[in-house]
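Residue numbers (the numbering used here), protein chains in the order written: chain A, 2 to 285; chain B, 4 to 48. All C-beta atoms in this analysis are idealised placements derived from N, C-alpha and C, irrespective of residue type, glycine included. The structure displayed is predicted, hence computed values, not measured ones.
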Amino acid sequence: MDKRRFSIQAVSALLHNANLKGFLTGKIYQGAGKNICVPGLNCYSCPGAVGACPIGSLQGFLSGLKFRFPYYVLGFLIFFGALLGRAVCGFLCPFGFFQELLHKIPFPIKKNSFAGDRQLRWVKYAVLLLMVVILPLCFALTPFFCKYLCPAGTLSGILLAVHDSMLRAQLGGIFLWKAFVLAVVIVGCLIVFRPFCKYLCPLGAIYGFFNRIALYRMDLDADRCVSCGKCKKVCQMGVDPVRECNSAECIRCGDCVRNCPVNAIHMGIKYGQAKKHSEKTTAL
Amino acid sequence: MKRNIPCMLLASAGVVLIGIGIALGQPGQVLMKAVRICMECVGIG
């Protein structure tokens, strides 16, 4: 385990949810911090949340009665994406951290590659396009992703309902559906590493577009690489760093960097042009 | 350093978009939504 990344994830989850009093009182934070979109998936109705969820805010604009182009929210997404890409997922996202903690729980079946895994990765792009953009644009006041899918929101609902009997009394069919989705994600986390990030998260889909050009990225030194395949074997996101170290699926966990026996993989903001592996094999 | 140019341009574009959003009063709209319990998010609908 990378203790440095674990510490950053824990601190980030705490910063995203710094209104600790809210967990005890069941009241959400209403201060000025909620003007600002946070980088990770963190429901703004979570009693601890001190910032605004970027996906929730984006849908708020798109599903408005009058169309408003979401300059502000898109600005945050592009800014975070350009600097960090999916390092946001690997280091900063509280829901990603929650999934990783669940995955650490011992369970008889731990499986990261199975038939259909590759195809399922495309679902998050469909979720982004349909549930976050197209359907909210077509049906006013209905943030489809938040309403029907987001498990972070369901967790918030549970945390609020514990304290609020009025809210508890209103929970009905939609909550049951969302609780089912949350249960599937939780059980999925016991078996698969970060299933929500891999298959469903629209925020991960957005940040994935930036992975190739983000300031924080990976490089493979093809001169050093001995093609042992260890990096691919240890990658829990199913990426082969030798083929594509800046794949949209890479969350920059750094497992491949730590496990490379010849230090051929580098991660950070200082690395320049690396030789492509194909160039090396041609030269040989 | 050349490899960092596209991301710096994009990051700058992000800052510009945030600036346009601020000029249009969009932070207030984000705040209005975020300070109330989102019924859809928590599963009430």
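Is there a C-beta anywhere in chain B that falls below 9 Å from the one on residue 144 (chain A)?
yes
Could you tell me if residue 119 (chain A) is buried or exposed, where buried requires 16 or more neighbouring beta carbons within 10 angstroms of its beta carbon?
exposed
Quick one: what does DSSP say residue 6 (chain A) is sitting in, helix, strand or coil?
Residue 6 (chain A) falls in the helix class under three-state DSSP.
Simplified DSSP assignment, three categories, for residue 263 (chain A)
coil
Residue 178 (chain A) at chain B interface by Cβ criterion, 9 Å:
yes
In or out: residue 109 (chain A) buried (at least 16 other Cβ within 10 Å) or exposed?
exposed
Helix, strand or coil for residue 268 (chain A), going by three-state DSSP, please let me know.
strand
Please classify residue 219 (chain A): does DSSP put it in a helix, a strand, or coil?
strand
List the residues that DSSP assigns as beta-bridge partners of residue 38 (chain A).
A:53
Comparing alpha-carbon positions, which option in A:164, A:158, A:193 and A:167 lies nearest residue 176 (chain A)?
A:158
Taking C-beta to C-beta, are residue 13 (chain B) and residue 79 (chain A) nearer than 9 Å?
Remark: C-beta atoms of residue 13 (chain B) and residue 79 (chain A) approach each other more closely than 9 Å.
Report the CB separation of residue 45 (chain B) from residue 76 (chain A) in whole angstroms; it is logged as a contact under 8 Å.
Contact flag wrong, Cβ pair sits at about 27 Å.
Residue 95 (chain A) lies in the alpha helix (DSSP H); which residues open and close that run?
95–104
Cβ neighbours of residue 81 (chain A) in the same chain (closer than 6 Å, five flanking residues each side left out)
40 and 89
Using a beta-carbon distance below 9 Å, is residue 223 (chain A) in contact with chain B?
no
Residue 1 (chain A): buried (16+ other C-beta within 10 angstroms of its C-beta) or exposed?
Nothing can be reported for residue 1 (chain A): it is not among the residues displayed for chain A, which extend from 2 to 285.
Thinking just about the alpha-carbon of each residue, which of A:94, A:128, A:46 and A:132 is nearest to the one in residue 6 (chain A)?
A:94
Cutoff 7 Å; reference residue 107 (chain A); Cβ partners in own chain excluding five residues on either side:
none
Using a Cβ distance threshold of 8 Å, determine whether the region 110–117 of chain A contacts the region 127–145 of chain A, with at least three qualifying pairs required.
no
Within the chosen definition, does the region 220–239 of chain A reach the region 253–264 of chain A through at least 3 CB pairs nearer than 8 Å?
yes
Residue 30 (chain A) (DSSP reduced to helix, strand or coil)
coil
Proximity to residue 25 (chain A) [Cα-Cα], best of A:249, A:127, A:225 and A:163:
Just measuring C-alpha positions, the residue of A:249, A:127, A:225 and A:163 sitting nearest residue 25 (chain A) is A:163.
Identify whether residue 284 (chain A) lies in helix, strand or coil by the three-state DSSP scheme.
Note that residue 284 (chain A) scores a pLDDT of 43, beneath 50, so its modelled location is shaky; the value from the coordinates is reported in the next line. Residue state, collapsed to three classes: helix.
Residue 195 (chain A) classed as buried or exposed, judged by whether at least 16 other C-beta atoms fall within 10 angstroms
buried
Quick check on residue 80 (chain A): does DSSP put it in helix, strand or coil?
helix
For chain B, find out if any of its Cβ atoms is closer than 9 Å to the Cβ of residue 74 (chain A); answer yes or no.
yes
According to the neighbour-count rule (16 or more other Cβ atoms, all chains shown, within 10 Å of its Cβ), is residue 219 (chain A) buried or exposed?
buried
Between residue 64 (chain A) and residue 242 (chain A), what straight-line distance do the alpha-carbon atoms span, to the nearest angstrom?
39 Å
Given that a residue counts as buried once 16 or more other Cβ atoms are within 10 Å of its Cβ, and exposed if not, what is residue 287 (chain A)?
The structure shown has nothing for residue 287 (chain A), since chain A only spans 2 to 285.
Proximal residues, the region 103–122 of chain A versus chain B, C-beta separation under 9 Å:
none
Who are the Cβ neighbours of residue 8 (chain A) in its own chain at under 6 Å, not counting the five residues just before and after it?
none
Can you confirm whether the region 126–133 of chain A touches the region 204–224 of chain A when touching is taken to mean that 3 or more C-beta pairs between the two stretches lie within less than 8 Å?
Between the region 204–224 of chain A and the region 126–133 of chain A there are three or more C-beta pairs closer than 8 Å, enough to call the two in contact.
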